[in-house]
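**Student:** The structure is given below, and queries will be raised subsequently.
Okay, here's the thing in structure tokens:
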């Protein structure tokens, strides 16, 4: 049994639910939606998830109605973009049923991401640690102290005359 199949399906369902919930409110949700789609596609390939049918989306793109693919993972349901084959092979379920909700789940986003990373064998790209050459902040109002200087009062530096 491969390592990714050793992760229980109910744990993957919880992780996907948590990632999906956070993606809906994240300022930049691309990575979270990538994790969701990649995980669901792998589960479908392994036949651990099933395609239920197509739904009309509640959020039409550019005022055009479009459909999303409804997928069941354990006791959770998710929507992902459909393929052309999905339109030919699956039944269209019509409008999204608002009465049904996924079971409530308690899992932190970091725990969910770790689980999904392990399942899809994803590693974050290595970043090169470049320390920026930052100049220290100097206020324009700062006047250096003349304490400890040899001459008092301080004199203006003499200009070189050419």
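In my numbering, the protein residues as written are 1 to 162. Ideal placement from N, C-alpha and C gives every residue a C-beta, glycine not left out. This one's a predicted model, so the numbers in the text were calculated from it and none came from an experiment.
Among 54, 95, 73, which has the Cα closest to the Cα of residue 8?
**Tutor:** Position 8 of the chain shown, counted from the start, is the residue given in the question as residue 8. For residue 8, the nearest C-alpha among the options comes from 73.
**Student:** Per DSSP, residue 119 forms a beta bridge with which residues?
**Tutor:** Translated into positions along the chain shown, residue 119 becomes position 119. Its beta-bridge partners do not exist; DSSP assigns none.
**Student:** Thinking C-alpha only, which one of 115, 55, 118, 109 is nearest residue 29?
**Tutor:** On the chain shown, residue 29 is found 29 positions in, with the first residue counted as 1. Out of 115, 55, 118, 109, 109 has the C-alpha closest to the C-alpha of residue 29.
**Student:** For residue 34 and residue 19, what's the separation of their Cα atoms in angstroms?
**Tutor:** For the purposes of this step, residue 34 is taken as residue 34 along the chain shown, with counting starting at 1. For the purposes of this step, residue 19 is taken as residue 19 along the chain shown, with counting starting at 1. Approximately 10 Å, taken between the alpha carbons.
**Student:** I believe residue 82 touches residue 115 by the beta-carbon criterion, under 8 Å. Please report the beta-carbon distance rounded to the nearest angstrom.
**Tutor:** As a first step, residue 82 is located in the chain shown; it is residue number 82 there, counting from the start. As a first step, residue 115 is located in the chain shown; it is residue number 115 there, counting from the start. That belief does not hold up - the Cβ atoms of residue 82 and residue 115 are roughly 26 Å apart, past 8 Å.
**Student:** Looking only at C-alpha atoms, which of 17, 6, 126 sits nearest to residue 105?
**Tutor:** Residue 105 sits at position 105 when you count from the first residue of the chain shown. Nearest C-alpha to residue 105: 17.
**Student:** Please determine, among 122, 78, 50, the residue with the shortest C-alpha to C-alpha distance to residue 212.
**Tutor:** Since the first residue of the chain shown is 1 and the last is 162, residue 212 is not available in this structure.
**Student:** Name, in chain order, the residues that DSSP records as bridge partners for residue 72.
**Tutor:** Translated into positions along the chain shown, residue 72 becomes position 72. 50, 77.
**Student:** With burial defined as no fewer than 16 other Cβ atoms inside 10 Å of the residue's Cβ, what is the status of residue 37: buried or exposed?
**Tutor:** Here residue 37 refers to the residue found at position 37 when the chain shown is read from its first residue. By the neighbour-count rule (16 or more Cβ atoms within 10 Å), residue 37 is not buried but exposed.
**Student:** Using 9 Å as the threshold, is the C-beta distance between residue 39 and residue 12 below it?
**Tutor:** Here residue 39 corresponds to residue number 39 of the chain shown, with the count starting at 1. Here residue 12 corresponds to residue number 12 of the chain shown, with the count starting at 1. Contact: yes.
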